[in-house]
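Here the structure is laid out as structure tokens; the discussion comes afterwards.
In the UniProt record's numbering, the protein residues as written are 1 to 389.
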């Protein structure tokens, strides 16, 4: 399985930012009233802040854009230490302008926490998109992609835990929780690919693969969650078409990686000379792979896949990547199953246990969110209003 073609990864839509937010009135008012200084002395600082905010409105998929998002997020934290724009009693309203991801409607909200949440969301989406596009056929590519997905997972988790949004928001808790789980699943998937490439022991690979399945099960359950206290569920926010695509993605990969789990449990049983168990696991691996192939046939057309998935190589589409992976795996698992059947029939003659009588392996998570440092000057840059004391 070392050379198995990589499955495409899921990405999410960025949140459009509108270049209409103005800090100047609120900041000038507070400098004059609280610091008893002339706001004109800080015109260049105000302009620098507003230019930084403007720069994040032009979404790109390069590191410079991610660096701008991180810098702006850190500068908001610095700003709040001097200007209480998060305190309604101070009457320092700043209207932050954004566009709903799924409704495509423009809106403004006088809530700096929403601004911070939106920036974190786009940081996470950047990492998801770049990680998904990384060529995972090389060791370095797998490591880079894994790091991106863990960075995305942290940003999604921090957004959900520190800046919770309304249940009807395009960044509602359940939706962001789903995205965080997918990010961890895809990071774990990279670890699995590396483990297979490095020829780790079969029982280790089985545990790593099973953790991918467990993450995807959690993600699937969140998609099926009932309506919230506000009478909404995820489909009401993102639309039925996206939910359908995400559900198919989770089901396909669950079935595929469960087949990989059973394959390596079969190889472990072979090492332990448990030839009946070997055949049971390999038979189940073949069944689960067949189910994955069936699910793949029901996936949407190539154009729809392009909207949600990123092919792991430049010379194949997402549809081709899925087909190539399943075809390669079918040859490997089918070949090992045929050999196991013949050897058990003519050599070992061991009883083949029902797969339901064999304990299911527990997953081993080897990934977690990776945070960027708010206080690292290489990330934040110098505090724009540092001379204001």
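Just so you know, even glycine gets a beta-carbon here, dropped at the ideal spot from N, CA and C.
Could you please give me the residues that DSSP links to residue 310 through a beta bridge?
By 1-based counting over the chain shown, the position of residue 310 is 310. Answer is 9.
Could you check which residue in 196, 216, 122 has the C-alpha nearest to that of residue 17?
Position 17 of the chain shown, counted from the first residue, corresponds to residue 17. Residue 17 has its Cα closest to that of 122, out of 196, 216, 122.
Taking C-beta to C-beta, are residue 377 and residue 135 nearer than 8 Å?
In the chain shown, the residue the question calls residue 377 occupies position 377. In the chain shown, the residue the question calls residue 135 occupies position 135. Taking 8 Å as the Cβ cut-off, residue 377 and residue 135 do not qualify as a contacting pair.
When DSSP builds the beta bridges, which residues end up paired with residue 423?
The requested residue 423 is not part of the displayed model; the chain covers only 1 to 389.
When the Cα atoms are used, what is the spatial distance from residue 84 to residue 77?
Numbered from its first residue, the chain shown carries residue 84 at position 84. Numbered from its first residue, the chain shown carries residue 77 at position 77. Approximately 11 Å between the Cα atoms of the pair.
Backbone CA spacing between residue 347 and residue 341 [nearest angstrom]:
In the chain shown, the residue the question calls residue 347 occupies position 347. In the chain shown, the residue the question calls residue 341 occupies position 341. For residue 347 and residue 341, the distance between alpha carbons rounds to 10 Å.
Which whole-angstrom value is the C-beta distance of residue 183 and residue 160, which I expect to be below 8 Å?
To locate residue 183, count along the chain shown from 1; it is residue 183. To locate residue 160, count along the chain shown from 1; it is residue 160. Going by Cβ atoms, the distance from residue 183 to residue 160 rounds to 12 Å, so no, they are not a contact pair.
Where do the ends of the beta strand (DSSP E) carrying residue 23 lie?
The sequence position of residue 23 within the chain shown is 23, counting from 1. Segment: none, residue 23 is in no beta strand (DSSP E) and carries neither H nor E.
Taking Cβ positions, are residue 8 and residue 310 nearer each other than 8 Å?
By one-based count along the chain shown, residue 8 stands at place 8. By one-based count along the chain shown, residue 310 stands at place 310. Yes; because the gap between Cβ atoms is below 8 Å, this pair is in contact.
Start-to-end residues for the beta strand (DSSP E) that takes in residue 107
Translated into positions along the chain shown, residue 107 becomes position 107. Here the beta strand (DSSP E) through residue 107 covers 106–109.
Nonlocal neighbours in the same chain, by C-beta distance under 8 Å from residue 251, ignoring five residues either side
Locating residue 251 in the chain shown gives position 251, where the first residue counts as 1. Excluding positions up to five away in sequence, the list reads 220, 295.
Quick check on the burial criterion: 16 or more other C-beta atoms within 10 angstroms. Buried or exposed for residue 349?
Here residue 349 is taken as the residue at index 349 of the chain shown, counted from 1. Exposed, since its Cβ has fewer than 16 Cβ neighbours within 10 Å.
Using only the alpha-carbon positions, how far apart do residue 66 and residue 126 sit?
As a first step, residue 66 must be located in the chain shown, where it is residue number 66. As a first step, residue 126 must be located in the chain shown, where it is residue number 126. C-alpha separation (whole angstroms): 7 Å.
Would you mind listing the alpha helix (DSSP H) stretches within the segment 232–280 that are 4+ residues and don't spill past its ends, in chain order?
234–238, 240–271
Might you give, ordered along the chain, the residues of its own chain that have their beta carbon closer than 6 Å to the beta carbon of residue 187, omitting 5 neighbours on each side?
Against the chain shown, residue 187 aligns to sequence position 187. Here the set comprises 146, 149, 150, 367.
Under 8 Å, with one C-beta from each stretch per pair, do the segment 238–246 and the segment 327–339 reach the 3-pair mark?
no
Under 8 Å, do residue 93 and residue 110 count as touching if we go by C-beta distance?
Here residue 93 refers to the residue found at position 93 when the chain shown is read from its first residue. Here residue 110 refers to the residue found at position 110 when the chain shown is read from its first residue. A contact, by the Cβ cut-off of 8 Å.
Using the Cα positions of residue 69 and residue 42, report the straight-line distance between them to the nearest angstrom.
Within the chain shown, the letter at position 69 stands for residue 69. Within the chain shown, the letter at position 42 stands for residue 42. Roughly 23 Å between the two C-alpha positions.
Am I right that residue 71 and residue 369 are in contact with their C-beta atoms under 8 Å? What's the rounded C-beta distance?
Working through the chain shown from its first residue, we reach residue 71 at position 71. Working through the chain shown from its first residue, we reach residue 369 at position 369. About 20 Å; that fails the 8 Å criterion.
Rounded separation between residue 10 and residue 246 - CA only
One-based indexing of the chain shown puts residue 10 at position 10. One-based indexing of the chain shown puts residue 246 at position 246. Going by the C-alpha atoms only, they are around 8 Å apart.
State whether the segment 203–212 contacts the segment 357–364, with contact taken as three or more CB pairs (one from each stretch) at a distance under 8 Å.
yes
Can you name the start and end residues of the alpha helix (DSSP H) that residue 322 belongs to?
To locate residue 322, count along the chain shown from 1; it is residue 322. Unbroken alpha helix (DSSP H) run through residue 322: 318–343.
For the alpha helix (DSSP H) containing residue 432, list its first residue and its last residue.
Residue coverage of the chain in this structure runs from 1 to 389, which leaves residue 432 outside it and unanswerable.
Since residue 65 is in the alpha helix (DSSP H), which residue starts that stretch and which ends it?
Taking the first residue of the chain shown as 1, we reach residue 65 at position 65. Element bounds for residue 65: 63–80.
I'd like the span of the alpha helix (DSSP H) that includes residue 196, first residue to last.
Taking the chain shown and counting its residues from 1, the one referred to as residue 196 is at position 196. Taken as a continuous stretch (DSSP letters only), the alpha helix (DSSP H) holding residue 196 covers 173–197.
Collapsed DSSP secondary structure at residue 409 in the structure displayed
Any property of residue 409 remains undetermined from this structure, which presents the chain solely from 1 to 389.
Per-residue burial, residue 26 [other beta carbons within 10 Å of its own, 16 or more giving buried]:
Numbered from 1 along the chain shown, position 26 holds the residue referred to as residue 26. Residue 26 is buried by the Cβ-count criterion.
With distances taken between CB atoms, is the gap from residue 21 to residue 60 smaller than 8 Å?
As a working mapping, residue 21 is identified with position 21 in the chain shown. As a working mapping, residue 60 is identified with position 60 in the chain shown. No, Cβ-Cβ distance for residue 21 and residue 60 is not below 8 Å.
Decide if residue 280 is buried, meaning its Cβ has at least 16 other Cβ atoms within 10 Å, or exposed.
On the chain shown, position 280 is the one that residue 280 refers to. So residue 280 counts as buried.
Three-state secondary structure assigned by DSSP to residue 38
Against the chain shown, residue 38 aligns to sequence position 38. Coil.
Extent of the continuous alpha helix (DSSP H) run through residue 140:
As a position in the chain shown, residue 140 is number 140, starting the count at 1. Its alpha helix (DSSP H) spans residues 139–162.
Mapping DSSP to helix, strand and coil, what is residue 58?
Taking the first residue of the chain shown as position 1, residue 58 is located at position 58. Here residue 58 sits in coil by DSSP.
Would residue 262 pass as a contact of residue 297 if the rule is Cβ separation under 8 Å?
For this step, residue 262 is matched to residue 262 along the chain shown. For this step, residue 297 is matched to residue 297 along the chain shown. Their beta carbons are not under 8 Å apart, which means residue 262 does not touch residue 297 by this criterion.
Going by DSSP, what residue range makes up the alpha helix (DSSP H) through residue 117?
For the purposes of this step, residue 117 is identified with residue 117 of the chain shown, where counting begins at 1. Run containing residue 117: 112–133, per the alpha helix (DSSP H) assignment.
Which residues in the same chain as residue 259 place their Cβ atom closer than 6 Å to its Cβ, once the five residues preceding and following it in sequence are excluded?
Locating residue 259 in the chain shown gives position 259, where the first residue counts as 1. Once the five neighbours on either side are set aside, the close Cβ partners of residue 259 are 285, 288, 289.
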